[in-house]
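Participant: Under numbering that gives the first Met the number 0, read the sequence shown as residues 0 to 298, first letter to last.
Beta carbons are placed, not taken as given, at the ideal position from N, Cα and C, and that holds for glycine.
Fair warning: this is a prediction, and the values are worked out from it, not measured in the lab.
One structure follows; several queries about it will come next.
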Amino acid sequence: MPELPEVEITARLLDDALRGATIESALAPGINALKTFEPPLSALEGRQIEGVRRRGKHVIVDVEGDLALLVHLMSAGRLQLYDRRAGPRDRTSRLLVRVRPRERRGGGRGDGAGADGSGELELRLREFGSKQAAWVKLLPGAGLEADESLARLGPEAWPEPPALGELLDAPRPLHAALRDQRVIAGIGRSWADEILWEARLSPFKRGSDLQEEEAERLRAAIVATLARALEHYEQAVSLPIPDKLPMPLRVHRHEGEPCPRCATTLRPVHFEDYVIAYCPSCQTEGRVLKDRRLSRLLR
Ligand SMILES: [Zn+2]
Numbered sequence: 000m001p002e003l004p005e006v007e008i009t010a011r012l013l014d015d016a017l018r019g020a021t022i023e024s025a026l027a028p029g030i031n032a033l034k035t036f037e038p039p040l041s042a043l044e045g046r047q048i049e050g051v052r053r054r055g056k057h058v059i060v061d062v063e064g065d066l067a068l069l070v071h072l073m074s075a076g077r078l079q080l081y082d083r084r085a086g087p088r089d090r091t092s093r094l095l096v097r098v099r100p101r102e103r104r105g106g107g108r109g110d111g112a113g114a115d116g117s118g119e120l121e122l123r124l125r126e127f128g129s130k131q132a133a134w135v136k137l138l139p140g141a142g143l144e145a146d147e148s149l150a151r152l153g154p155e156a157w158p159e160p161p162a163l164g165e166l167l168d169a170p171r172p173l174h175a176a177l178r179d180q181r182v183i184a185g186i187g188r189s190w191a192d193e194i195l196w197e198a199r200l201s202p203f204k205r206g207s208d209l210q211e212e213e214a215e216r217l218r219a220a221i222v223a224t225l226a227r228a229l230e231h232y233e234q235a236v237s238l239p240i241p242d243k244l245p246m247p248l249r250v251h252r253h254e255g256e257p258c259p260r261c262a263t264t265l266r267p268v269h270f271e272d273y274v275i276a277y278c279p280s281c282q283t284e285g286r287v288l289k290d291r292r293l294s295r296l297l298r
């Protein structure tokens, strides 16, 4: 599940390798992945990549001539860079962009020659699992910010999250509010668990019940948690970008294990198709929360 830190490290590594590279061809073998028709993908041919960046959980590839590829990885997508072409039996690729890297002097990462000697690199949007949900749009740069998926995004959760008082001032559980991309962009199920644990706040406390001091603690926890994740990825992740990112989670998916802070057993709350994990001692004043009632609350 790529969220802000996973998408950010992806964008950084791709930016480093692809800035200045020239696109040779682009195709979308996943029938459902490409959500736009005009301009066609062939409009990218021969153009230079100006940079790769992140907005919320989206990756944006800026291309010369005022074009941009907007990519959403959804729950099981990866944007990976290989020095060889995908094999004929590849079923995971939704988008293939072949590029010729810029000339580099003195070697280093992405210094040109691909494994097959062609010097070509292949950027692949791959998706794992049965669902085809990851998507791509090719947009005129001027239309990028107006695209509905970006236009509705709230302020970025990192590096400078907004003051949360007003944003969270709703009778909604914090776990739901933090995952609402219109409120604050970049946080999903995994990092919401980690942030609320870091802030020692119940996932089910209502935003409108937060004291000023608690809102400040939550904001600090957002910055610290996401920054730590990024530091970890800077050390642990490199191109082509692995299928499975080594997510440094301490609470999410650790229900049944001891809390890393106080050793109380972390508890789960099942909601729809996922599990929220929390520490009863650190976050809910010792109360073990009942699944069913909370599921209704989260809707
Ligand atoms: Zn604890």
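Taking just the CA atoms, how far does Ala25 sit from Phe36?
Facilitator: Spanning the two alpha carbons is a distance of roughly 13 Å.
Participant: Please determine if the segment 251-260 and the segment 184-202 are in contact, where contact requires at least 3 C-beta pairs separated by less than 8 Å.
Facilitator: Cβ pair count under 8 Å is three or more, so yes.
Participant: Can you round the beta-carbon distance between Ala223 and Glu256 to whole angstroms, since I take them to be within the 8 Å contact cut?
Facilitator: Going by Cβ atoms, the distance from Ala223 to Glu256 rounds to 21 Å, so no, they are not a contact pair.
Participant: Is Trp190 helix, strand or coil by DSSP?
Facilitator: Trp190: helix per DSSP, three-state reduction.
Participant: Name the two residues that bound the continuous alpha helix (DSSP H) containing Glu147.
Facilitator: Segment Glu147 to Ala150, the alpha helix (DSSP H) holding Glu147.
Participant: From the DSSP output, read off the bridge partner residues of Arg54.
Facilitator: BP columns for Arg54 point to His57.
Participant: Which value, in whole angstroms, describes the spacing of the CA atoms of Ala132 and Glu126?
Facilitator: Distance between the alpha carbons of Ala132 and Glu126: 8 Å.
Participant: Excluding the five sequence neighbours on either side, which residues of its own chain have a C-beta within less than 8 Å of the C-beta of Leu12, listed in chain order?
Facilitator: Excluding residues within five positions, the ones whose Cβ falls inside 8 Å are Leu80, Val236, Ser237, Leu238 and Ile240.
Participant: So which of Leu95, Cys278 and Gln47 has the shortest CA-CA distance to Val135?
Facilitator: For the residues Leu95, Cys278 and Gln47, the minimum Cα distance to Val135 belongs to Leu95.
Participant: CB of Ser280 to nearest heavy atom of ligand 1: below 6 Å?
Facilitator: Within the cutoff, so yes.
Participant: Exposed or buried, what is Leu200 when buried is set at 16 or more other beta-carbons lying within 10 Å of its beta-carbon?
Facilitator: So Leu200 ends up on the buried side.
Participant: Please classify Ala228: is it buried, with 16 or more other beta-carbons within 10 angstroms of its beta-carbon, or exposed?
Facilitator: So Ala228 ends up on the buried side.
Participant: Quick one, which of Gly128, Ala214, Asp15 and Ala169 has its alpha-carbon nearest Pro161's?
Facilitator: Cα-wise, what sits closest to Pro161 is Ala214.
Participant: For ligand 1, I want to know if Arg249 counts as a neighbour, meaning its beta carbon is within less than 6 Å of at least one of the ligand's heavy atoms.
Facilitator: Checking every heavy atom of ligand 1 against the Cβ of Arg249, none is found closer than 6 Å.
Participant: Please list, in chain order, all residues of the same chain as Glu63 whose beta carbon is under 6 Å from its beta carbon, the five residues on each side excluded.
Facilitator: Cβ within range, chain order: Arg46, Gln47 and Glu49.
Participant: How should Glu147 be labelled, buried or exposed, when 16 other C-beta atoms within 10 angstroms of its C-beta is the threshold for buried?
Facilitator: Label assigned to Glu147: exposed.
Participant: If I follow the unbroken beta strand (DSSP E) through Thr274, where does it start and stop?
Facilitator: Here residue 274 turns out to be Val, not Thr, going by the sequence shown. Start and end: Tyr273 to Tyr277.
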